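Written out below as structure tokens is the structure these notes cover.
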Amino acid sequence: MTHVLAGLALSLLTALVVIIGDYWLKVAADGNQTMWSRQVALGLVLYGISAIFWFMALKHVTLAQAGVVYSMLTLLALCAIGAMAFGEKLYFREYAGIACALLAMVLMFRFS
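Under the working numbering, the first residue of the sequence shown carries the number 240, and numbering increases by one thereafter.
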């Protein structure tokens, strides 16, 4: 059980690092920055760091379990950041996607 919790915690950490990287890439994109800007470089470095956490997570849980946790947290956080920080609107399609992600997580951990 400890291995599973460690894997899930590392999956969440991976998602958090990627989310921060995505934020900086969005800031760069909205600010008409070049591919060589500091914001883009920071986003890319964070993606690289997330790969290390992802590798560590996969030592403890299945790819499917890690993928569902990572995907769900990323989806929820990026929808929230898009709406709150960048003024993006959420429509029915986004809410349906969130519901599907939550259902996928329930199914993956209930039956695995």
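For glycine and all other residues, C-beta sits at the position ideal for the given N, C-alpha and C. Owing to the predicted nature of the structure, the values given are computational and were not obtained by experimental measurement.
In this chain, the alpha helix (DSSP H) harbouring Met323 covers 302-325. Val266 has its alpha-carbon roughly 24 Å from the corresponding atom of Trp293. Residue range 241-269 is occupied by the alpha helix (DSSP H) that includes Thr253. For Met274, there is no enclosing alpha helix (DSSP H), as DSSP marks it with neither H nor E. Around the C-beta of Gly287, fewer than 16 other C-beta atoms lie within 10 Å, and the residue is accordingly described as exposed. The C-alpha of Met347 lies about 28 Å from the C-alpha of Tyr262. Linking Ile337 to Leu315 through their CA atoms gives a straight-line distance of about 7 Å.
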